[in-house]
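Per this note's numbering: the sequence shown ends with 382, consecutive numbering throughout.
Here's the structure we're looking at; comments come further down.
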Amino acid sequence: MWEKPTPLAEIMKELDMALEKDHHFADGRVLGSMCTNPLDIAKDAHAMFIESNLGNAGLYPGTLDLEKQVINALSQLLHGDEKIAGGVVSGGTEANITALWIARNITKKKKIIFPESAHFSFHKACDILAMEPIMVPLNDDFTMDLDHVARNLDDDIAAVVGIAGTTELGAVDDIAGIADLLPDDVFLHVDAAFGGFVLPFLKELGYQVPDFDFSIPGVSTMAIDPHKMGMSTVPSGALLVRDRNWIKTTHKDAPYLDTVGQLSALSGTRCSAAVAASFAAMRSLGRTGYTQIVKECMDVTGHALKRARKLGLEPVIEPVMNILCLRVPEPEKIQKKLDGRGWKVSVAQNPPSLRLVIMPHVTIHSIDSLFDELDSLLGEV
Ligand code: 0PR
């Protein structure tokens, strides 16, 4: 591949060919991803800050300043006060692992309670941190069963995790109810990697949205991802912590680096272009812009639900946010057939169903084409 230099035109051709093989959000046929086409201003910002690396923040005070502004804005969105601190990380996985790392270091305990609906990053966290997962079954509405949480609380619990927007269904756990159960020394981490950029705007639109954030005093840490519904570039997630002193518990000295004020993150070198991209997306859209995007996604989700019902298909739950899971016979077979026709949808496991994530690149037109396709497919399965 690289014994000798290759002419630039040839490289560009190779890159174009690779890109052509990929699926693209702009085609409107990807309904199995929680990411979307970032805003143009976010892409521009990403390119501008391509060499920036907050792993050595001393070299990049300008980027560090942008990170602080992003964290402050996210904290305000999630009803945090001035004591909240955090950092931009690579995504929900890193935010979740770091949150549990902090909880383990502070409590010196090793058990974590999380719902069966939790993202697989919590299993990674347990593996890496040598912690013991206690998985709690779900209620009929696919939220965490709090009686089970109460029954499993003992002196070895470091943290309980609640999900504000589950990966498969978009269900929101009863975060206030969990907080009520917990003694002060047990951490409550809320995974709002997806829901963090949806729920506050649903509230603006008049939807009934339960409290899920720092407005609940028991919430210790939160994950929220700008690279999902935040319209930013990959990789950008964020971890927010209730008390800035907690961050010190994961800090490791690197005296040879010119580093100040950095989140004691899991990553060393950090893709800080995504920090600039998140800043640009949030500045450009403002809360009103995100409210409009969420409204459009919910309108398209409502349209999809109507089309599904016309085919006699019912949702697993009435969509809480812009995720629609449909009970269909043999979802994997249907997924495969749709795949053969250029549609990328996913299959939820609990319960087995066809999962459509209605991101901003999914239009009414794409939903109509998908359901026309589904109509003809259902007869064949
Ligand atoms: N928490 C929740 C609630 C999530 O849904 C996810 C990811 C994470 C944490 C982890 O986030 P990162 O993947 O940013 O580390 N949810 C999606 C999933 O696993 C991520 C995804 C996005 C998958 C785009 C595929 C894809 O094309 O399904």
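All C-beta atoms, glycine included, are put in the ideal place defined by N, C-alpha and C.
Cβ-based neighbour list, GLY196, same chain, cut-off 6 Å, excluding 5 preceding and 5 following: ALA165, GLY166
Local conformation of GLY262 per DSSP, three classes: Residue confidence is low: GLY262 scores 47 on pLDDT, short of 50, so the model does not pin down where it sits. Its coordinate-derived value is still stated next. Correct three-state label for GLY262: coil.
Backbone secondary structure at VAL363 - three-state DSSP: coil
ILE158, DSSP secondary structure in three states: strand
heavy atom of ligand 2 below 8 Å from THR168 C-beta: Ligand 2 is absent from the structure shown, which contains only ligand 1.
Closest residue to LEU183 among ALA58, VAL358, ALA160, VAL173 (Cα-Cα distance): ALA160
Burial state of GLN350 (16 or more Cβ within 10 Å): exposed
Cβ neighbour criterion (16 or more within 10 Å) applied to LEU40: buried
PHE195: CB within 8 Å of a non-hydrogen atom of ligand 1: yes
Inter-residue Cα distance where the pair is ASP212 and GLU4: 58 Å
Residues bridged to LYS112 (per DSSP): GLU133, ILE158
Near ligand 1: GLY33 beta-carbon under 8 Å from a heavy atom: yes
Proximity test, ASP141 beta-carbon vs ligand 1 heavy atom, cut-off 8 Å: no
ALA255 CB to nearest heavy atom of ligand 1 below 8 Å: no
Cut-off 6 Å between Cβ atoms - residues of its own chain near ALA309, not counting five sequence neighbours on either side: LEU327
Opposing strand residues paired with GLY88 [DSSP bridges]: LEU240
HIS47 and ALA278 closer than 9 Å at C-beta: yes
Span of the beta strand (DSSP E) around LEU357: 353-358
Distance CB(MET299)-CB(TYR208) smaller than 9 Å: yes
Where MET360 falls, given that 16 or more other Cβ within 10 Å makes a residue buried: buried
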